[in-house]
Every structure is written in structure tokens, then in C-alpha cells.
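Each position in the sequence shown, counted from 1, maps to that position plus 322 in the numbering used here.
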Amino acid sequence: MHVVVNAATSADGKLSSRRREQIAISGEADFARVDRLRADSDAVVVGVGTVLADDPHLTVKDEQLRAHRRENGRPENPARVVVDSRGRTPTDAAVLDDAATTYLCLSEAASVDRRGALADRAELITAGDERVDLLPAFAALQEAGLERIMVEGGGELIFSLFEAGLVDELRLFVGPRIIGGRDAPTLVDGEGFVAEFPSLELEEVDRLDDGVLLTWRVADR
Ligand code: NAP
Numbered sequence: 323m324h325v326v327v328n329a330a331t332s333a334d335g336k337l338s339s340r341r342r343e344q345i346a347i348s349g350e351a352d353f354a355r356v357d358r359l360r361a362d363s364d365a366v367v368v369g370v371g372t373v374l375a376d377d378p379h380l381t382v383k384d385e386q387l388r389a390h391r392r393e394n395g396r397p398e399n400p401a402r403v404v405v406d407s408r409g410r411t412p413t414d415a416a417v418l419d420d421a422a423t424t425y426l427c428l429s430e431a432a433s434v435d436r437r438g439a440l441a442d443r444a445e446l447i448t449a450g451d452e453r454v455d456l457l458p459a460f461a462a463l464q465e466a467g468l469e470r471i472m473v474e475g476g477g478e479l480i481f482s483l484f485e486a487g488l489v490d491e492l493r494l495f496v497g498p499r500i501i502g503g504r505d506a507p508t509l510v511d512g513e514g515f516v517a518e519f520p521s522l523e524l525e526e527v528d529r530l531d532d533g534v535l536l537t538w539r540v541a542d543r
């Protein structure tokens, strides 16, 4: 399995504002790059915080890229995965429509009622007691044949993935905006590291739109 975290931050490292509303950080060129990366992936993963904040669809937007996937015998969109301990994903969330297969990674804390409401819209994976235990959850995704994984956020999930040692690559678009705010989500939130900080090796720097795309490989893995 190969896990790429892809995100866009403002120049000051924020994923969105303190209101946690989606903000246009990328320009057209980065948008197209993200669409290509989705089209190259078997699954696109987000945390339930992102589903509740943005209601993303997580599908490939470009018809030619979808056609190319079909020609190669793949589903036209990658699978969608939501990491969601208690099954808070709304039943009318865009990720639960029939455009792609969706996996919900739940924990034991998800009630029977929530499981029942979600079961005919998604494949349910259970790992962990209170919170989703990401190592077994990702192992289950791999068993389902999902090898090329793209993670689209948010900051809570990205921290846990680094903590679990699951990230292979970070692709970060840094855009021409200042968002600010001590409570605005950043690229990596969670509890934060105080030792054994994950190290990155810089692979590429590209100017894109009015920002910069940084491609890092996670070291020591
Ligand atoms: P998130 O990372 O999308 O989701 C976090 C939630 O996932 C947790 O609160 C938790 O909720 C659930 N979860 C279950 N198991 C977990 C685990 N092991 N580790 C971490 N989380 C786990 O939410 P977020 O950090 O609040 O990010 C949402 C914000 O990011 C929004 O403002 C959105 O607009 C922004 N965003 C920006 C970009 C970008 O590229 N600029 C991309 C994505 C999102 P439960 O306890 O209920 O399970």
C-alpha cells in the first residue's frame, strides 16, 4: 500500500478558517493536478470532520480521466473512505451517493442504529474501541484491493496517520492567501508531536498557479 497525503494550505499553513468553512486556496492548475491524483488512486480518504464541514463528493471531475479509468477496467471513480468512529456521516452526504463505492471506517462506539442507517449506502469496516484504529482499518482497505491511497484531510486525521506511521508521501500546495486564527485547522493538528517528529525528504518543488507545490517523501519508514 502507498499512502499520499494531499492538501492545500494558505501561506500561513491553515487548511481553512476558524469557521471551518472550505476556502478556495488552489487555482486551476492545482485543481487539475488533484483531479489527476484522484484518478490515479484506488481510494480517497477523509475524516468525518471534513465530511461534516465541506460535504465533498471526492469524485474525478474530468470526463477524460474517468473514461481512461473505465478503459483500463477500473471503476470510473476511486473508492471513497470516511474515517468516522461513531458513524456521524449524514445519510444524505455527497460521499454516500452511487458515484463510487464508499467505505466507512467505524469504531465499536458506532451504535447499532447508525450502522443500520449507513449499511446499505456504504461498506462498513470496524476497527478500534472508541476511535478508529487506523492500522487495522487500513489493513482492511488493503485486503479489499485498495493499494494506492490518497488522503485529502483534514488536520486531525493527517496527524493520526503520521502518528501511526502510515504516510509515505506528502504533496502540499501552499497558496497565496493568509488565513490566520489560532483555532483555524492546520495541516497537522491532533495532539501534535513533542518528540520523534516525523522527518520529510524534499523530492520536488514546483511553481503552480500563484503558489508552490511541495512533494515530500516521509523518511525512516
Ligand atoms: P478531519 O481530520 O477531517 O476528521 C477528524 C475526525 O475524524 C475526528 O474528529 C474523529 O471524529 C474522526 N476520527 C476517527 N478516528 C480518528 C483517528 N484515529 N484520528 C483522527 N480522527 C479520527 O477533521 P478536521 O481536522 O476538523 O478537518 C476539517 C477541516 O479541514 C475543515 O475545515 C475542512 O474545510 C478542512 N479541510 C481542508 C482541506 C484542504 O486541503 N485545504 C482538505 C480537507 C479538509 P469522531 O471522533 O467522531 O470519529
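Beta carbons are placed, not taken as given, at the ideal position from N, Cα and C, and that holds for glycine.
Give the range of the beta strand (DSSP E) segment to which residue i is assigned.
i      : result
Thr448 : 445-448
Ile471 : 470-473
Glu526 : 522-530
Val540 : 533-540
Gly369 : 365-369
Rounded to whole angstroms, what's the CA-CA distance from residue i to residue j? Just pull it up for me.
i      : j      : result
Asp455 : Val356 : 27 Å
Gly438 : Asp362 : 32 Å
Leu440 : Gly409 : 8 Å
Ala506 : Asp376 : 15 Å
Gly502 : Leu463 : 36 Å
Glu518 : Leu488 : 15 Å
What are the boundary residues of the alpha helix (DSSP H) that includes residue i?
i      : result
Phe360 : Residue identity check: residue 360 is Arg in the sequence provided, not Phe. Looking at the DSSP string, the run of the alpha helix (DSSP H) that includes Arg360 is 350-361.
Arg388 : 385-393
Glu478 : 477-485
Glu465 : 456-465
What does a CB cutoff of less than 7 Å around residue i pick up in its chain, not counting 5 residues either side in sequence?
i      : result
Leu468 : Asp364, Ala365, Ala401
Ala416 : Asp377, Pro378, His379
Can you find a C-beta in chain D that's less than 9 Å from the C-beta of residue i?
i      : result
Lys383 : Any reference to chain D falls outside this structure, which holds one protein chain only.
In its own chain, which residues sit with a C-beta less than 8 Å from the C-beta of residue i, not counting the 5 before and 5 after it?
i      : result
Arg443 : Thr413, Leu418, Thr424
Ala541 : Pro520, Ser521, Leu522, Glu523
What residues in its chain sit with their C-beta under 6 Å from that of residue i, if we drop five residues either side in the sequence?
i      : result
Ala421 : Thr381, Asn399
Glu445 : Tyr425
What is the DSSP secondary structure of residue i, counted as helix, strand or coil?
i      : result
Leu374 : helix
Ala401 : strand
Evaluate contact between the stretch 333-350 and the stretch 367-377, counting only Cβ atoms and requiring at least three cross-stretch pairs below 8 Å. Yes, they touch.
Quick one: any contact between the stretch 525-534 and the stretch 470-486, if contact means 3 or more CB pairs under 8 Å? no
Does the stretch 485-492 touch the stretch 532-540, meaning 3 or more C-beta pairs lie closer than 8 Å? yes
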